[in-house]
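Q: So the sequence shown is numbered by our numbering: it starts at 7 and just counts up by one.
C-beta: ideal position from N, C-alpha, C; glycine also.
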Amino acid sequence: MSESNPFDNPSLDPRRAERVVSIHYYGRSGSIFLQSLLDGHPDVLTFPANYLGGFYSFWNEYGDRSPLHIVKAFLHHYEVLFDPTSAEEVFDVGPYAGQEYDFDKMGPNHDEALGVDRERFRDILLAKCLIEVKDFENGRLERKFFLQALHVAYAEALGRDLTGRQPLIVFQAHTPHIDVIEMLFADFVPKIRFLHSVRDPINTMASWFNEMMRFLDDPPLVLPRRTLGRSIDHAKPILSQHLNKDIIDQRLETDPDTQRAIEWVAENSRAVRLEDLHTKPRETLEKICAWLELDWHDCLLESTFDGKLWHWSTGGRTVSGFQTATIKQQHSDAVSWYDRLRLRFFFADKYDAWDYPLAPWYRWAVLRVLSFGLWFLPFRFEISLWRRRKPKTLDDWRQVFLYYRDMRQNIFSRWWSEFRKPIALIKRL
Numbered sequence: 007m008s009e010s011n012p013f014d015n016p017s018l019d020p021r022r023a024e025r026v027v028s029i030h031y032y033g034r035s036g037s038i039f040l041q042s043l044l045d046g047h048p049d050v051l052t053f054p055a056n057y058l059g060g061f062y063s064f065w066n067e068y069g070d071r072s073p074l075h076i077v078k079a080f081l082h083h084y085e086v087l088f089d090p091t092s093a094e095e096v097f098d099v100g101p102y103a104g105q106e107y108d109f110d111k112m113g114p115n116h117d118e119a120l121g122v123d124r125e126r127f128r129d130i131l132l133a134k135c136l137i138e139v140k141d142f143e144n145g146r147l148e149r150k151f152f153l154q155a156l157h158v159a160y161a162e163a164l165g166r167d168l169t170g171r172q173p174l175i176v177f178q179a180h181t182p183h184i185d186v187i188e189m190l191f192a193d194f195v196p197k198i199r200f201l202h203s204v205r206d207p208i209n210t211m212a213s214w215f216n217e218m219m220r221f222l223d224d225p226p227l228v229l230p231r232r233t234l235g236r237s238i239d240h241a242k243p244i245l246s247q248h249l250n251k252d253i254i255d256q257r258l259e260t261d262p263d264t265q266r267a268i269e270w271v272a273e274n275s276r277a278v279r280l281e282d283l284h285t286k287p288r289e290t291l292e293k294i295c296a297w298l299e300l301d302w303h304d305c306l307l308e309s310t311f312d313g314k315l316w317h318w319s320t321g322g323r324t325v326s327g328f329q330t331a332t333i334k335q336q337h338s339d340a341v342s343w344y345d346r347l348r349l350r351f352f353f354a355d356k357y358d359a360w361d362y363p364l365a366p367w368y369r370w371a372v373l374r375v376l377s378f379g380l381w382f383l384p385f386r387f388e389i390s391l392w393r394r395r396k397p398k399t400l401d402d403w404r405q406v407f408l409y410y411r412d413m414r415q416n417i418f419s420r421w422w423s424e425f426r427k428p429i430a431l432i433k434r435l
């Protein structure tokens with residue numbers, strides 16, 4: 007046991023942590039940076055970056071075990087909470103989750119590391135679990151309670167006094183997919199909201215493509231289609247992504263609860279522009295606070311995790327806090343001026359929904375449809391992928407052509423479906 011016994015006086019009942027905001031990206035749009043600005047708020051409970059993004063995968067594997075087994079399994083799989091250089095694979099995140107975000111190089115001099123004391127965290131977590139179950143060997147923990155207990159225990163292990171606070175869990179779900187948030191939604195509705203960080207649609211698409219090219223040893227020929235497909239889907243509230251698809255349309259005819267859930271998530275989702283966070287930070291963060299019912303604190307203007315100054319690496323540079331280097335990137339290695347011409351027609355609805363400047367003719371319906379005739383020439387990001395894969399044989403080039411054709415057929419079909427039957431995009435905050 008730790009010297010200060012957490013079993014004697016747990017400072018916050020985890021069941022009071024009833025409010026949640028789930029953060030998601032659109033392409034590469036600074037969702038982790040957005041989370042870092044909320045980190046220091048006295049009412050906010052959060053884990054570093056997307057450490058807990060795979061919590062529900064963890065629960066699916068261990069949730070039916072005894073409370074003691076669940077806690078032991080969590081301590082094992084989330085070693086990164088105690089050592090940011092840990093190679094232990096984190097659920098749905100991977101190994102070296104701390105070093106991916108330079109969490110071993112925190113602070114003004116890059117010489118501090120994130121992490122809490124393992125034994126202290128364990129003791130506090132067990133004390134929280136005692137509120138819910140009295141028998142660690144035969145009792146059963148509820149999924150929602152354990153997630154609440156984790157957040158409270160981590161904050162208290164950092165030394166935070168949560169007495170009297172009105173906590174808000176900031177959950178970095180990261181990926182805007184229904185399978186990521188379905189159980190989170192079920193656990194916390196109606197006290198959950200969804201905050202999506204967005205960015206200039208062409209730039210964020212190109213940035214995501216470049217990141218995949220850097221990350222994948224053997225990027226697949228389907229990557230361009232996936233890149234553009236994600237750009238269509240992720241611009242919508244999470245449950246709305248499945249509209250205009252047979253499985254959901256059939257369910258809507260027989261299950262009114264599905265329609266209500268889709269409408270509820272859409273109404274409780276908002277988009278915040280990365281450009282605004284960097285160029286108008288206070289104004290933008292005040293809007294976020296008002297929407298989340300948080301009081302203003304000046305710590306919101308600091309990019310931290312665990313209260314330590316955060317730096318991150320991007321494009322071969324190390325940056326921190328508010329800056330314009332990221333939002334000025336044009337990614338000309340992935341998109342040419344001709345690509346931008348075509349893609350402005352393609353993304354016109356996103357530019358319009360999030361108030362990005364765009365000449366009016368890009369929104370004209372006839373021109374938007376006709377612009378697909380310009381897709382005959384390959385995009386620069388397609389060419390860069392083909393060069394990377396180095397097709398040599400006739401069969402190699404045949405595969406290139408098949409994926410070239412498939413991308414155009416698939417993306418136009420999806421775009422046309424929503425052009426004829428529009429789905430509301432995420433509202434700008």
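Please name the residue, chosen from Q178, A430, A192 and P397, that lies closest to A359 on a Cα-to-Cα basis.
A: A430
Q: Give every residue of the same chain whose Cβ lies closer than 6 Å to the Cβ of W421, excluding the five residues on either side of it in the sequence, and list them in chain order.
A: none
Q: Excluding the 5 residues flanking Q154 on each side, which residues of the same chain have their C-beta closer than 6 Å to its C-beta?
A: P20 and A23
Q: With S368 and F351 assumed to form a contact (beta carbons below 8 Å), what rounded beta-carbon distance in angstroms separates them?
A: The amino acid occupying residue 368 in the given sequence is Tyr; Ser does not appear at that position. Confirmed, Cβ separation roughly 5 Å.
Q: Let me know if N115 comes out buried or exposed under the rule of 16 or more other beta-carbons within 10 Å of its beta-carbon.
A: exposed
Q: Can you tell me where the beta strand (DSSP E) holding V77 begins and where it ends?
A: From DSSP, V77 is part of no beta strand (DSSP E) but of the alpha helix (DSSP H) over P73 to H83.
Q: How is Q178 classed by DSSP in three states: helix, strand or coil?
A: strand
Q: Measure the C-alpha to C-alpha separation of W1 and E138 and round it to an integer number of angstroms.
A: With the chain represented from 7 up to 435, any question about residue 1 goes unanswered, as that position is not in the structure.
Q: Given a cut-off of 7 Å on the beta-carbon distance, is the pair L391 and P196 in contact?
A: Note that the C-beta distance between L391 and P196 is not below 7 Å.
Q: At what residues does the alpha helix (DSSP H) containing T264 begin and finish?
A: P262 to E273
Q: Which one or two residues does DSSP pair with T310 in a beta bridge?
A: L315
Q: Since I38 is in the alpha helix (DSSP H), which residue starts that stretch and which ends it?
A: S37 to L44
Q: Kindly indicate which three-state DSSP category V27 falls into: helix, strand or coil?
A: Three-state result, V27: strand.
Q: Nearest CA to the CA of L174: which residue from V27, D339 and S246?
A: That would be V27, whose Cα lies nearest to the Cα of L174.
Q: What does the alpha-carbon distance come out to for the pair T399 and E217?
A: 28 Å
Q: To which residues of the same chain is W381 closer than 7 Å at the C-beta, ignoring the five residues directly before and after it?
A: R348 and R414
Q: Does T290 come out as helix, strand or coil in the three-state DSSP assignment?
A: helix
Q: Could you check where the beta strand (DSSP E) with S203 kicks off and where it finishes?
A: I198 to V204
Q: Along the chain, where does the alpha helix (DSSP H) that runs through T233 open and close?
A: L229 to D239
Q: Sort out for me which residues DSSP pairs M413 with in a bridge.
A: DSSP, once it has assigned bridges, lists no residue as partnering M413.
Q: Please determine if the stretch 31–47 and the stretch 300–310 are in contact, where contact requires at least 3 C-beta pairs separated by less than 8 Å.
A: yes
Q: Could you tell me the distance, in whole angstroms, from the CA atom of V86 to the CA atom of Q41?
A: Near 18 Å, if we compare the C-alpha coordinates of Q41 and V86.
Q: Helix, strand or coil for T169, going by three-state DSSP, please let me know.
A: coil
Q: Return yes when the Cβ of L168 is within less than 7 Å of the Cβ of D312, no when it is not.
A: no
Q: Rounded to a whole number of angstroms, what is the C-alpha to C-alpha distance between V186 and H82?
A: 22 Å
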